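A.B. asks: Here you go, one structure.
In my numbering, the protein residues as written are 795 to 1007.
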């Protein structure tokens, strides 16, 4: 599992670094993105954070708390579809904070962070824990956190590419990890009967059970 997840994350991180450094992203930094209320720059900052935060979290303090799984990380989220929810407000704020440095700096920060991070992923043990710094006191196993970053990279690589009309392809391995996590999170949140309806009987999908984010 460790090698599979880390390779899937690495492939997507490399594509994110490449896309962030393109002229299309820089030229449309202040324009609106495909996500309501987010500029291209904020969306790029959000994408970059899926590289930057892995390094920050690896360097953060851990207290040996019970680790949260990738499935619970998403399964317990509330307000995912509400623009002004605490969840989405926090995401936008962190994204805009990163984006404030401008396209060239964000692209360089992501590239430099990835160059430092890539060799670390080969050496960190399977039981390595990381602190989730924006959720004080919460910890995850590194591979669990990387599974959540596969979700974020898979979703937002496409968002950013569509926002700037630039070619980008999310690696198949990353997509597979992302779908696995999100379907499991849907089961965790709504139960198997609701997910079965979403997959096979849309007229009975009263909870929109496959919508996790």
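No residue lacks a Cβ here, since even glycine has one placed at the ideal position from N, Cα and C. None of these values were measured; they are calculated from a predicted model.
Please classify residue 923: does DSSP put it in a helix, a strand, or coil?
C.D. replies: On the chain shown, residue 923 is found 129 positions in, with the first residue counted as 1. If DSSP states are grouped into helix, strand and coil, residue 923 belongs with the strands.
A.B. asks: Spell out a yes or no on whether the segment 886-905 and the segment 836-843 are touching, meaning 3 or more CB-CB pairs, one atom from each, closer than 8 Å.
C.D. replies: Touching, yes.
A.B. asks: Leaving aside the five residues before and after residue 1003 along the sequence, list all residues of the same chain whose C-beta is less than 7 Å from its C-beta, in chain order.
C.D. replies: For the purposes of this step, residue 1003 is taken as residue 209 along the chain shown, with counting starting at 1. Closer than 7 Å at the Cβ level, and outside the excluded window around residue 1003, lie 980, 984, 988, 989, 991 and 992.
A.B. asks: Looking at C-beta atoms only, is the number of pairs between the segment 858-870 and the segment 936-954 that lie closer than 8 Å three or more?
C.D. replies: yes
A.B. asks: Any idea if residue 797 is buried or exposed, counting beta-carbon neighbours within 10 angstroms, 16 or more meaning buried?
C.D. replies: Numbered from its first residue, the chain shown carries residue 797 at position 3. Classification for residue 797: exposed.
A.B. asks: Have a look at residue 951 and residue 945 and give me their C-alpha separation to the nearest angstrom.
C.D. replies: Position 157 of the chain shown, counted from the first residue, corresponds to residue 951. Position 151 of the chain shown, counted from the first residue, corresponds to residue 945. The straight-line gap separating the alpha-carbon atoms of residue 951 and residue 945 is approximately 10 Å.
A.B. asks: Which one of 956, 978, 905 and 833 has the shortest CA to CA distance from residue 867?
C.D. replies: Here residue 867 is taken as the residue at index 73 of the chain shown, counted from 1. The shortest C-alpha separation from residue 867 is found at 978.
A.B. asks: Measuring alpha carbon to alpha carbon, tell me which of 822, 903, 845 and 965 ends up nearest residue 954.
C.D. replies: In the chain shown, residue 954 corresponds to position 160, counting from 1. Nearest C-alpha to residue 954: 822.
A.B. asks: Just the Cα atoms here: how many angstroms apart are residue 975 and residue 942?
C.D. replies: Translated into positions along the chain shown, residue 975 becomes position 181. Translated into positions along the chain shown, residue 942 becomes position 148. Looking at the backbone, the Cα of residue 975 and that of residue 942 are separated by about 8 Å.
A.B. asks: Would you check if the distance between the CB atom of residue 923 and the CB atom of residue 933 is smaller than 7 Å?
C.D. replies: Within the chain shown, numbered from 1, the residue matching residue 923 stands at position 129. Within the chain shown, numbered from 1, the residue matching residue 933 stands at position 139. Yes. Within cutoff.
A.B. asks: What is the DSSP secondary structure of residue 846, counted as helix, strand or coil?
C.D. replies: Looking up residue 846 in the chain shown gives position 52. Residue 846: helix per DSSP, three-state reduction.
A.B. asks: If you draw a straight line from the C-alpha of residue 917 to the C-alpha of residue 996, how long is it?
C.D. replies: By one-based count along the chain shown, residue 917 stands at place 123. By one-based count along the chain shown, residue 996 stands at place 202. For residue 917 and residue 996, the distance between alpha carbons rounds to 45 Å.
A.B. asks: Taking the alpha carbon of residue 1006 as the reference point, which residue from 870, 834 and 844 has its own alpha carbon closest?
C.D. replies: The residue given as residue 1006 occupies position 212 in the chain shown. Among 870, 834 and 844, the Cα nearest to that of residue 1006 belongs to 870.
A.B. asks: Tell me residue 934's beta-bridge partners as DSSP assigns them.
C.D. replies: For this step, residue 934 is matched to residue 140 along the chain shown. Residue 934 is bridged by DSSP to 924.
A.B. asks: Distance check for residue 858 and residue 908, CA to CA, integer angstroms please.
C.D. replies: To locate residue 908, count along the chain shown from 1; it is residue 114. To locate residue 858, count along the chain shown from 1; it is residue 64. Distance between the alpha carbons of residue 908 and residue 858 is about 26 Å.
A.B. asks: Using the C-alpha atoms, what's the distance from residue 828 back to residue 956?
C.D. replies: To locate residue 956, count along the chain shown from 1; it is residue 162. To locate residue 828, count along the chain shown from 1; it is residue 34. Cα-Cα distance, rounded: 7 Å.
A.B. asks: What is the DSSP secondary structure of residue 854, reduced to helix, strand or coil?
C.D. replies: The sequence position of residue 854 within the chain shown is 60, counting from 1. The answer is coil: DSSP assigns residue 854 none of H, G, I, E or B.
A.B. asks: Count Cβ pairs between the segment 962-973 and the segment 881-889 that sit closer than 8 Å; are there 3 or more?
C.D. replies: no
A.B. asks: Mind checking which residues open and close the alpha helix (DSSP H) that includes residue 974?
C.D. replies: Counting from one through the chain shown, the residue named residue 974 turns up at place 180. Where residue 974 is concerned, the enclosing alpha helix (DSSP H) stretches over 966-984.
A.B. asks: Do you know how far the Cα of residue 920 is from the Cα of residue 900?
C.D. replies: Translated into the one-based positions of the chain shown, residue 900 becomes position 106. Translated into the one-based positions of the chain shown, residue 920 becomes position 126. Roughly 30 Å between the two C-alpha positions.
A.B. asks: I believe residue 964 touches residue 849 by the beta-carbon criterion, under 8 Å. Please report the beta-carbon distance rounded to the nearest angstrom.
C.D. replies: Counting from 1 along the chain shown, the entry for residue 964 is found at position 170. Counting from 1 along the chain shown, the entry for residue 849 is found at position 55. The pair is not a contact, with the Cβ atoms about 21 Å apart (cut-off 8 Å).
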